[in-house]
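The sequence shown stops at residue 466 when you use numbering that gives the first Met the number 0, and every number in between is there. Ideal Cβ positions, reconstructed from N, Cα and C, are used throughout, including at glycine. Since the structure is predicted, the reported quantities are computational estimates derived from the model, not experimental observations.
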Amino acid sequence: MDRRMTVIDNDPMTRLFVGPRGGRISTAALRDASHWDEAVVDLGYEHRVRTVAEALRAARIPAFDTPGAVQPFTQQVLSHGRGLFGFGLITITWEPTACAGRPPAAQPLTALGRRPALEVKERNVVMSLETAPFAAEHASSDELRAWYELAVTSTAADYPSSPVPPYDSYVQQLRQSTSYLGLQRLWVARDSGRLIGTASAVFPTDENSERAIISVRVSAQYRRRGVGTRLLQTMLPEIHERGCRRIAGQTKASADGEKWTNALGFRAVAQRASHHLDIKSVDPARWQVPPTPGFRIQKWVDTAPDDLVQSFARARNAIADSPTGETSYRHPDWTAERVRQYETRMREIGETHRYVVAVDERSGAVAGFTEIAIIPRQSSFCHQEDTAVLPEFRGLGLGRAVKAAMMRWLTADLPHLEQVHTMTASDNLHMIRVNAPLGYVTDHVVSSVESEVGALEARLAGLRPRS
Ligand SMILES: CC(C)(COP(=O)(O)OP(=O)(O)OC[C@H]1O[C@@H](n2cnc3c(N)ncnc32)[C@H](O)[C@@H]1OP(=O)(O)O)[C@@H](O)C(=O)NCCC(=O)NCCS
0 MDRRMTVIDN
10 DPMTRLFVGP
20 RGGRISTAAL
30 RDASHWDEAV
40 VDLGYEHRVR
50 TVAEALRAAR
60 IPAFDTPGAV
70 QPFTQQVLSH
80 GRGLFGFGLI
90 TITWEPTACA
100 GRPPAAQPLT
110 ALGRRPALEV
120 KERNVVMSLE
130 TAPFAAEHAS
140 SDELRAWYEL
150 AVTSTAADYP
160 SSPVPPYDSY
170 VQQLRQSTSY
180 LGLQRLWVAR
190 DSGRLIGTAS
200 AVFPTDENSE
210 RAIISVRVSA
220 QYRRRGVGTR
230 LLQTMLPEIH
240 ERGCRRIAGQ
250 TKASADGEKW
260 TNALGFRAVA
270 QRASHHLDIK
280 SVDPARWQVP
290 PTPGFRIQKW
300 VDTAPDDLVQ
310 SFARARNAIA
320 DSPTGETSYR
330 HPDWTAERVR
340 QYETRMREIG
350 ETHRYVVAVD
360 ERSGAVAGFT
370 EIAIIPRQSS
380 FCHQEDTAVL
390 PEFRGLGLGR
400 AVKAAMMRWL
410 TADLPHLEQV
420 HTMTASDNLH
430 MIRVNAPLGY
440 VTDHVVSSVE
450 SEVGALEARL
460 AGLRPRS
């Protein structure tokens, strides 16, 4: 969108987007090319299936080809229907055969030199590029500030509705050599000493120890100059030495990150929707869900009661039924001992976790649960973690009951809390159906991407540095 605004020089009289033959985009063309109806159903809004014209009117966009912001609902469906948004509008080519919701095939590395049809960046800038490991615990406050600002700016550009973590809490996490998953390593890219890119890799110690989870960011004005790729090349030897077979990451669907990972041969393996609940804008009556007969609601902070920990561990394993697409991620094998280890780890990193469970009154065992993480110094928002109901108790309303009880609890004693954030697999219709009536709305779709380490090394080995 930004690029198109730049190209048309912000002229309000110029069409922002044009159709296949250079003219106005008809709503029928938009519906067909974006697979609108399928995308709406896919996102769990089947009750909102209607014509594109109606949806655009509802979003107060009189015609899609006039300059103006695309409203969240429309944007969400369009970014899901990537045939249009990713390849049709941004690059101004028209590929109506591209299928909504299905990621474009990974491009071979030979595509690296290819230019998209629409190119607005200036690339002939001399850089003195250096990439190096970053020891956050010894870093100067200027460098920590530069890292934080890059992270905040890049996140705000891709995920405008995401909350901004306060500096202190962000830097505290950055300085920890282990995240809650495992060892964390950091790298930076600098141009003549100025920090222009950041990268991290986390090495899980559990059943996912074959995977390195990476995050790479390049400041907007330095993109498409090989900085991200150079950072990845710098990280790879350590990832290899630690015995990882796969590299996994996340990017906003259709954004720079996904184009980059596509170009480097990563595969999109799953799509997840980010949802949030805005406490002030939701009628609390939505959380007055009556308990399911035969089950009682119980809650605790941080430490599961001894008499429930065994059955709670069993209920935690029900999360393994949530769809994970084609990711290589392995769900944890929860035991009472592992629950206790997790609780200890969360306490060590300063997070408070609240749990609401539904207990089957006949057996006294946990049938379903939901978990919220509250991060230190982030009082205005919290994170919805796992919610799961054991298979034999599904369809009884327990998922909604525990989440509604959690909302009543959070709003009763956390007056500064404004939002709850969560991620759900885009095809997890059951979870989406639990969330929507409670007041959650969808913000954006995130792609999980993966590559085999060996294949990535081979692909990157042939690349010459650009500066
Ligand atoms: C993803 C990101 C790190 C890429 O950094 P970068 O330095 O701009 O990437 P590179 O210059 O190394 O790109 C290498 C190739 O990837 C492809 N590519 C990268 N960005 C692209 C884009 N916006 N559109 C199309 N292709 C793109 C191109 O083929 C490019 O080679 P070329 O410029 O010679 O055509 C950067 O866009 C970013 O910080 N995004 C936000 C964070 C994110 O999503 N990270 C990825 C998940 S870990």
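Short of 6 Å in beta carbon distance, which residues of its chain neighbour Ser218, apart from the five on each side in sequence? Order them along the chain. Residue numbering aside, residue 218 sits at position 219 when the sequence shown is read from its first letter. These residues qualify, in order along the chain: Leu149 and Ile195.
What's the call for Glu118, buried or exposed, on a 16-neighbour Cβ count within 10 Å? The residue you call residue 118 lines up with position 119 of the sequence shown. At Glu118 the pLDDT is 31, less than 50, meaning the model places this residue with poor confidence and gives no usable figure here.
For the stretch 216 to 276, which segments carrying the alpha helix (DSSP H) assignment without a break, of at least 4 residues, lie completely within its bounds, in sequence order? Counting only runs of 4 or more, we get 226 to 240 and 255 to 262.
Could you round the C-beta distance between Leu389 and Thr291 to whole angstroms and report it? I think they count as a contact, below 8 Å. On the sequence shown, position 390 is the one that residue 389 refers to. On the sequence shown, position 292 is the one that residue 291 refers to. With 8 Å as the limit, Leu389 and Thr291 do not qualify as a contact, their Cβ atoms being about 13 Å apart.
Three Cβ pairs or more, each shorter than 8 Å: is that satisfied between the stretch 261 to 270 and the stretch 206 to 218? The stretch 261 to 270 and the stretch 206 to 218 do not touch, with fewer than 3 CB-CB distances between them shorter than 8 Å.
Identify, in the order they occur along the chain, each residue of the same chain with its Cβ nearer than 7 Å to the Cβ of Val377, setting aside the five sequence neighbours on each side. Stepping through the sequence shown from its first residue, residue 377 is reached at position 378. The question names Val, but residue 377 in the sequence shown is Gln. For Gln377, where only same-chain residues beyond five positions count, the Cβ hits under 7 Å are Pro164, Pro165 and Ser168.
Collapsed DSSP secondary structure at Pro203 in the structure displayed: To locate residue 203, count along the sequence shown from 1; it is residue 204. If DSSP states are grouped into helix, strand and coil, Pro203 belongs with the strands.
Kindly indicate the opening and closing residues of the beta strand (DSSP E) around Ile373. Reading the sequence shown from its first residue, position 374 is the one you call residue 373. Here the beta strand (DSSP E) through Ile373 covers Ala364 to Ile373.
Could you check if Gly438 belongs to the surroundings of ligand 1, using beta carbon to heavy atom distance under 7 Å? Position 439 of the sequence shown, counting from 1, holds the residue named residue 438. Distance from the C-beta of Gly438 to the nearest heavy atom of ligand 1 is not below 7 Å.
Could you check what DSSP says for Gln183 in three-state terms: helix, strand or coil? One-based indexing of the sequence shown puts residue 183 at position 184. Of the three classes helix, strand and coil, the one that applies to Gln183 here is strand, per DSSP.
Roughly how many angstroms lie between the CA atoms of Arg339 and Thr302, to the nearest whole one? Numbered from 1 along the sequence shown, position 340 holds the residue referred to as residue 339. Numbered from 1 along the sequence shown, position 303 holds the residue referred to as residue 302. A direct Cα-Cα distance of roughly 8 Å separates Arg339 from Thr302.
Residue range of the beta strand (DSSP E) that Phe380 falls in? Taking the sequence shown and counting its residues from 1, one reaches residue 380 at position 381. First-last of the beta strand (DSSP E) with Phe380: Phe380 to Val388.
Could you tell me whether the Cβ atoms of Arg189 and Glu257 are closer together than 8 Å? The sequence position of residue 189 within the sequence shown is 190, counting from 1. The sequence position of residue 257 within the sequence shown is 258, counting from 1. In this structure, Glu257 does not lie closer than 8 Å to Arg189 by Cβ.
In chain order, what residues of the same chain have a beta carbon less than 6 Å from the beta carbon of Leu180, not counting five sequence neighbours either side? For this step, residue 180 is matched to residue 181 along the sequence shown. When the five nearest sequence neighbours on each side are left out, the beta carbons in the same chain lying within less than 6 Å of the beta carbon of Leu180 are those of Val201 and Pro203, in order along the chain.
Is it buried or exposed, Gly367, if we count other Cβ atoms within 10 angstroms and call 16 or more buried? Taking the sequence shown and counting its residues from 1, one reaches residue 367 at position 368. Looking at its Cβ environment, which holds 16 or more other Cβ atoms inside 10 Å, Gly367 is buried.
Cβ of Ser214 versus every heavy atom of ligand 1: is any distance shorter than 7 Å? The residue given as residue 214 occupies position 215 in the sequence shown. For Ser214, the Cβ falls inside the 7 Å cut-off from some heavy atom of ligand 1.
Straight-line gap, Val300 to Glu350 (C-alpha atoms, nearest Å): As a working mapping, residue 300 is identified with position 301 in the sequence shown. As a working mapping, residue 350 is identified with position 351 in the sequence shown. Val300 and Glu350 have their C-alpha atoms roughly 11 Å apart.
What distance in whole Å lies between the Cβ atoms of Leu455 and Leu235, which are believed to be in contact at a cut-off of 8 Å? Position 236 of the sequence shown, counted from the first residue, corresponds to residue 235. Position 456 of the sequence shown, counted from the first residue, corresponds to residue 455. Rounded, the Cβ-Cβ distance is 7 Å, consistent with contact.
Does the beta-carbon distance from Phe133 to Val187 come in below 8 Å? As a position in the sequence shown, residue 133 is number 134, starting the count at 1. As a position in the sequence shown, residue 187 is number 188, starting the count at 1. A contact, by the Cβ cut-off of 8 Å.
Assign His443 to buried or exposed, taking buried as 16 or more other Cβ atoms, counted over all protein chains shown, within 10 Å of its Cβ. On the sequence shown, position 444 is the one that residue 443 refers to. Sixteen is the threshold: when 16 or more other Cβ atoms of the shown chains lie within 10 Å of the Cβ of His443, as they do, the residue is buried.
Say the cut is 7 Å; is the CB of Asp153 nearer than that to a heavy atom of ligand 1? The residue given as residue 153 occupies position 154 in the sequence shown. The amino acid at residue 153 is misidentified as Asp; the sequence shows Ser. Within the chosen limit of 7 Å, ligand 1 reaches the beta carbon of Ser153 through at least one heavy atom.
Does the Cβ-Cβ distance between Lys298 and Arg353 come in under 8 Å? Within the sequence shown, residue 298 is the residue found at index 299, counting from 1. Within the sequence shown, residue 353 is the residue found at index 354, counting from 1. Against a cut-off of 8 Å, the Cβ pair of Arg353 and Lys298 comes out as a contact.
DSSP three-state label for Ser168, please. Indexing the sequence shown from 1 puts residue 168 at position 169. Helix at Ser168.
What are the uninterrupted segments assigned as beta strand (DSSP E) that are 3 or more residues long and contained completely in the stretch 264 to 339, given in chain order? If we require 3 residues or more, the beta strand (DSSP E) runs fully inside the stretch 264 to 339 come out as 266 to 277 and 294 to 300.
Measure the CB-CB distance between Ser160 and Arg184 and report whether it falls below 8 Å. Taking the sequence shown and counting its residues from 1, the one referred to as residue 160 is at position 161. Taking the sequence shown and counting its residues from 1, the one referred to as residue 184 is at position 185. No, these two residues do not count as a Cβ contact at 8 Å.
Assuming Ala314 and Ala387 are in contact, meaning their beta carbons sit under 8 Å apart, how far apart are those beta carbons, in whole angstroms? For the purposes of this step, residue 314 is taken as residue 315 along the sequence shown, with counting starting at 1. For the purposes of this step, residue 387 is taken as residue 388 along the sequence shown, with counting starting at 1. Right, the Cβ-Cβ distance comes to about 6 Å (below 8 Å), so this counts as a contact.
Out of Ala335, Arg174 and Gln309, point me to the one whose CA is closest to Gly363's CA. Taking the sequence shown and counting its residues from 1, one reaches residue 363 at position 364. Nearest to Gly363 by alpha-carbon distance, out of Ala335, Arg174 and Gln309, is Gln309.
Taking the alpha-carbon of Ala269 as reference, which of Leu462, Ser450 and Gly461 has the nearest alpha-carbon? Taking the first residue of the sequence shown as position 1, residue 269 is located at position 270. Of the candidates Leu462, Ser450 and Gly461, the one whose C-alpha sits nearest the C-alpha of Ala269 is Ser450.
With a cut-off of 8 Å, do at least 3 Cβ pairs link the stretch 315 to 333 to the stretch 235 to 250? Contact between the stretch 315 to 333 and the stretch 235 to 250 is present, because at least three Cβ pairs lie under 8 Å.
Less than 7 Å between the CB of Thr233 and some heavy atom of ligand 1, yes or no? Reading the sequence shown from its first residue, position 234 is the one you call residue 233. In this structure, the C-beta of Thr233 stays at least 7 Å away from each heavy atom of ligand 1.
Beta-carbon proximity of Arg174 to Thr423, cut-off 8 Å: Translated into the one-based positions of the sequence shown, residue 174 becomes position 175. Translated into the one-based positions of the sequence shown, residue 423 becomes position 424. By the CB criterion at 8 Å, Arg174 and Thr423 fall outside the cutoff.
Could you compute how far the alpha carbon of Glu206 sits from the alpha carbon of Ser178? The residue given as residue 206 occupies position 207 in the sequence shown. The residue given as residue 178 occupies position 179 in the sequence shown. Their backbone Cα atoms lie some 16 Å apart in a straight line.
Return the CA-CA distance between Ile374 and Ser280, expressed in angstroms with no decimal places. Taking the sequence shown and counting its residues from 1, the one referred to as residue 374 is at position 375. Taking the sequence shown and counting its residues from 1, the one referred to as residue 280 is at position 281. Rounded to whole angstroms, Ile374 to Ser280 spans 23 Å at the Cα level.
What's the C-alpha gap between Tyr221 and Leu409? If you number the sequence shown from 1, residue 221 lands on position 222. If you number the sequence shown from 1, residue 409 lands on position 410. The alpha-carbon atoms of Tyr221 and Leu409 are separated by roughly 42 Å.
Whole angstroms are fine: how far does the CA of Thr343 sit from the CA of Val365? Within the sequence shown, the letter at position 366 stands for residue 365. Within the sequence shown, the letter at position 344 stands for residue 343. About 21 Å.
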